[in-house]
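What follows is a short report on a single structure.
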Amino acid sequence: MSNRIVVCLKWVLQAGEPDDARFAGVSPADHAALELALQWAERTGGQLTAITVGPPQAETALRDAIACGASNAVRIDAPLSTNSADVAAAIASAAHDAKWVWCGDYSMDNGSGSVPAFLAAALSASQALGVTNVTFDDSGITATRRVDGGRREVLAVHAPVVISVEGATARLRRASLTALRASTTAPVDVVVPIVAMRTSQHTIQPYRPRARALAMPSGANVLDRVRSLTTTGTAVATHHEVETLAPAAAAARIVDALRDWGYL
Amino acid sequence: MSDPDVIVVGGGPAGSCAAIVAARAGLSVVLLERGPFPGSKNMYGGVVYPRILDDLIPNWWEEAPIQRWVTRRATMLLTETQALTVDFRTEAWGKAPYNGATAYRPDFDAWLAGYAEAAGAQVLTSTTVTGLLRDDKGAVVGVTTDRPDGDLRARVVIACDGVNSFLAKEAGLYEHTDAKHFTLGVKETLALPKEVIDERFGVRGREGVDIEIVGCTGGINGGGFVYTNLDTVAVGVVLKLTKLAAQATRPEQIIANLKGHPAIAPLIEGGEMKEYSAHLIPEAGLRMMPKMTTDGMMVAGDAAALCLAAGIWLEGVNFAMASGMYAGETAVEAVRVNDVSAKGLVGYQRRLSNTFVLKDHRKLRRAPELVLSDRVQHLYPQMMANIAERMFRVDNPEPKPGLRRILRQERKRAGVRRRHLWRDAFTGFRSYG
Ligand SMILES: Cc1cc2nc3c(=O)[nH]c(=O)nc-3n(C[C@H](O)[C@H](O)[C@H](O)COP(=O)(O)OP(=O)(O)OC[C@H]3O[C@@H](n4cnc5c(N)ncnc54)[C@H](O)[C@@H]3O)c2cc1C
Chain A
1487 MSNRIVVCLK
1497 WVLQAGEPDD
1507 ARFAGVSPAD
1517 HAALELALQW
1527 AERTGGQLTA
1537 ITVGPPQAET
1547 ALRDAIACGA
1557 SNAVRIDAPL
1567 STNSADVAAA
1577 IASAAHDAKW
1587 VWCGDYSMDN
1597 GSGSVPAFLA
1607 AALSASQALG
1617 VTNVTFDDSG
1627 ITATRRVDGG
1637 RREVLAVHAP
1647 VVISVEGATA
1657 RLRRASLTAL
1667 RASTTAPVDV
1677 VVPIVAMRTS
1687 QHTIQPYRPR
1697 ARALAMPSGA
1707 NVLDRVRSLT
1717 TTGTAVATHH
1727 EVETLAPAAA
1737 AARIVDALRD
1747 WGYL
Chain B
0 MSDPDVIVVG
10 GGPAGSCAAI
20 VAARAGLSVV
30 LLERGPFPGS
40 KNMYGGVVYP
50 RILDDLIPNW
60 WEEAPIQRWV
70 TRRATMLLTE
80 TQALTVDFRT
90 EAWGKAPYNG
100 ATAYRPDFDA
110 WLAGYAEAAG
120 AQVLTSTTVT
130 GLLRDDKGAV
140 VGVTTDRPDG
150 DLRARVVIAC
160 DGVNSFLAKE
170 AGLYEHTDAK
180 HFTLGVKETL
190 ALPKEVIDER
200 FGVRGREGVD
210 IEIVGCTGGI
220 NGGGFVYTNL
230 DTVAVGVVLK
240 LTKLAAQATR
250 PEQIIANLKG
260 HPAIAPLIEG
270 GEMKEYSAHL
280 IPEAGLRMMP
290 KMTTDGMMVA
300 GDAAALCLAA
310 GIWLEGVNFA
320 MASGMYAGET
330 AVEAVRVNDV
340 SAKGLVGYQR
350 RLSNTFVLKD
360 HRKLRRAPEL
370 VLSDRVQHLY
380 PQMMANIAER
390 MFRVDNPEPK
400 PGLRRILRQE
410 RKRAGVRRRH
420 LWRDAFTGFR
430 SYG
């Protein structure tokens, strides 16, 4: 099993149609990951396993992958709302010997893009995340990544690795009619996780700083007390300081300062 | 995988019923649907009459994804400023075994296809059939699809691919097709709170209303409809295709006019448009029907022009379900005796002829033409509305005129010849009577 290839697919219900499997599906990014995984499996003669974490209906995503050419499929039985770390841990235990793991960079619901990163950590694999272009050659895989400031990073990728790709990296092939027919009865392995899966809160809320205790304002009358609370009429106090520190120390200093000033 | 006994093309009501019957009888069935799920591409006005399902799905009403049970049925004649309505309601249609119901097609068709799948049929979606496979004698032996490696062979092909069926045409079952045999149906679905709909239409709970309208399509021959769903109202028109093309009017303009009519506007005011959709209807009934079978193939539902579009009746789904079932039964018979030639499939034509499917079409064969005729469309609504207005108007100190006088005067004013009136009345009586 030295060349095991895995693709992770998230089957997502459409927002606004929470109970309706007719409108469910996987993201274009997951489709791109499946296509690249298939191409890599063909090139290396490896076996491709498609994995999803979700309820029984999510098996349609796996059957579609089988129709397109995946060799086998595993569904890890857990709610769709399972948090990213537990999703990654479950996938990692089902595919601990995986060498090449392909994911879409974002799912269509949460879209935090964190499962591939957790997965790389859980597998002790290297990671190439948010990939915009993939090329295969005899020496292996070259992946181009989006980094800050519109720049690109070109990575030579070596196994074991988790690669998460954007939707435009590849277009999923169309399943042949024969394969599609066969996929409707193909077996799907179901894994029931031993540990309870924690669910994550889905609603995204604006950042709210923690409440902080303020001393009773001083001042003889109400107006003065309001003034002292709101700094009205005084020059606005801005926080700044210039220091030269090593990156780790600088980060720690910034956090400390933000905490002092009451932002955290 | 081995070739199936039966290929059904199309996951509409005809296709699903054909697949249910054939699969339950033990045949291997593949149903091919081009949409991502059965029903995803399908639209209609809004009322299904599923009585024909009584045997196939006992107590279907307990499960079918219906919106409202139609307990009020109105037929409305409109002029620009008048409306004359015959309004019928009955409690009977609001309880089992029910009569008609409004339902959304993506719900209804997907539900029905679920039974095909449960019966063992293989339902393959996102797969478009692109043509027929024939043997050297010309018999249909399968289909081609838009998928790689996409040819599929079977003993029998049942084409349920809907109106303007390319498969029926390719098989040579239609001698000729003519645009004048089609109407275009267009519809807006408008969202309103359930309580508002209940109040405006005078219904409660799951009760619903079906209004058919004549005289609301301007110079274009056709008709209109208003149907209530749970929290939407469907408003649409059906337009004679050739007239629509000749007049260069946009169909949405005609819906807009209908929505603005003083008799309709208060019903739908404030509704938020959720969907606009359009679809062809095979309107001409017997005049356009194809041959129903050829070697290795049958055609059912709208693909066989079996939709009954006779004015106050617009029934296609029940005709599609019935013809699909009969095609399924015939396929079972033919595969058992190992004769899938046109001769082996004659049972299909017999079943259609002996049941409401062709009996209703024969009975109402003159109705579509009558209802879409210029007189019914453009003269009678005005005449009838004026008669009603005169009858109910109080012209004191003038004494009330006799009904005979009103009839004569209004007939003349509308420019209707007595001869034509009698002839149309007679045709109407022969059709509907
Ligand atoms: C505006 C309007 C209002 C109507 N109102 C009513 C009403 O109130 N009540 C009523 O009973 N009827 C009504 N009808 C008629 C009714 O919609 C049809 O008669 C009915 O849908 C016919 O069913 P069918 O299964 O034959 O075809 P369809 O429902 O058209 O189904 C055909 C199926 O085949 C699929 N298909 C087509 N070509 C291919 C291909 N090449 N490969 C694979 N799949 C294919 C389509 O995607 C579709 O799912 C109305 C129609 C219209 C347009």
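In the order they appear, the protein sequences are chains A and B.
Numbering-wise (the numbering used here), the first sequence opens with residue 1487 and increments by one.
Numbering-wise (the numbering used here), the second sequence opens with residue 0 and increments by one.
Glycine included, each C-beta is placed from N, C-alpha and C at the ideal position.
query: List, in order along the chain, the chain B residues whose C-beta lies closer than 8 Å to that of THR1670 (chain A)?; result: GLN121 and LEU123
query: If you measure from the CB of MET42 (chain B), is any heavy atom of ligand 2 nearer than 7 Å?; result: As presented, the structure is devoid of ligand 2, carrying ligand 1 as its sole ligands.
query: Step through the CB atoms of chain A and report whether any lies within less than 8 Å of the CB of GLY14 (chain B).; result: no
query: The segment 128-149 of chain B: which residues have C-beta closer than 9 Å to a C-beta of chain A, in chain order?; result: THR144, ASP145, ARG146, PRO147, ASP148 and GLY149
query: Should the segment 171-178 of chain B be called in touch with the segment 260-270 of chain B, which here means at least 3 C-beta pairs below 8 Å?; result: no
query: Quick one: residues in its chain with C-beta nearer than 7 Å to the C-beta of GLY1626 (chain A), no 5 flanking neighbours on either side, listed in chain order?; result: ALA1642, VAL1643 and HIS1644
query: Distance cutoff 8 Å, beta carbons only. Does ALA102 (chain B) sit that close to anything in chain A?; result: no
query: For LEU30 (chain B), return the contacting residues in chain A, with the cut-off set at a CB-CB distance below 8 Å.; result: Residues of chain A passing the Cβ test: none, with the nearest at roughly 11 Å.
query: Contact check, THR216 (chain B) vs VAL236 (chain B) under 8 Å by CB: the rounded distance?; result: 5 Å
query: Starting from the C-beta of GLY269 (chain B), find all residues in its chain whose C-beta is less than 7 Å away, skip the five residues before and the five after it, and write them out in chain order.; result: LEU191
query: Let me make sure I understand the geometry here. Which of B:THR188, B:PRO367 and B:ASP108 has the alpha-carbon closest to that of GLU32 (chain B)?; result: B:ASP108
query: Which residues does DSSP list as the beta-bridge partners of PHE224 (chain B)?; result: B:GLU211 and B:GLY235
query: Rounded to a whole number of angstroms, what is the C-alpha to C-alpha distance between GLY11 (chain B) and GLU211 (chain B)?; result: 24 Å
query: Looking at chain A, is there any beta carbon in it that lies within less than 8 Å of the beta carbon of ALA387 (chain B)?; result: no
query: What does the alpha-carbon distance come out to for the pair VAL47 (chain B) and ALA112 (chain B)?; result: 16 Å
query: Just the Cα atoms here: how many angstroms apart are TYR347 (chain B) and THR329 (chain B)?; result: 6 Å
query: Would you say the beta carbon of CYS1589 (chain A) is closer than 7 Å to some non-hydrogen atom of ligand 1?; result: no
query: Using the beta-carbon of each residue, which ones in chain A are nearer than 8 Å to ALA109 (chain B)?; result: ARG1508
query: PHE425 (chain B) by DSSP, collapsed to three states: which one?; result: helix
query: Thinking C-alpha only, which one of A:LEU1666, A:SER1650 and A:GLY1653 is nearest ASP148 (chain B)?; result: A:LEU1666
query: In the structure shown, what three-state DSSP assignment does GLN121 (chain B) receive?; result: strand
query: At which residues does the alpha helix (DSSP H) containing THR329 (chain B) begin and terminate?; result: 316-335
query: Is ASP423 (chain B) near ligand 1, judged by its Cβ being under 7 Å from some heavy atom?; result: no
query: Given 8 Å as the limit, is there contact between the segment 1530-1541 of chain A and the segment 1555-1562 of chain A, that is, 3 or more CB pairs closer than that?; result: yes
query: Within a Cβ cutoff of 6 Å, which residues of the same chain sit near ASP1675 (chain A), ignoring the five residues on either side of it in sequence?; result: VAL1560
query: Between the beta-carbon of ALA1578 (chain A) and the beta-carbon of LEU1609 (chain A), is there less than 8 Å?; result: yes
query: Could you name the residues of chain A that LEU151 (chain B) contacts, counting a contact when the two beta carbons are closer than 7 Å?; result: LEU1663
query: Flag ARG1713 (chain A) as yes if its beta-carbon sits less than 8 Å from any beta-carbon of chain B, otherwise no.; result: no
query: Return no unless some Cβ of chain B is closer than 8 Å to the Cβ of LEU1666 (chain A).; result: yes
query: Flag PHE224 (chain B) as yes if its beta-carbon sits less than 8 Å from any beta-carbon of chain A, otherwise no.; result: no
query: Indicate whether at least one CB of chain A lies closer than 8 Å to the CB of THR126 (chain B).; result: yes
query: Unbroken alpha helix (DSSP H) runs of length 4 or more, entirely within the segment 150-202 of chain B: which are they?; result: 165-169 and 193-200
query: Under the rule that 16 or more other beta-carbon atoms within 10 Å means buried, what is LEU285 (chain B), buried or exposed?; result: exposed
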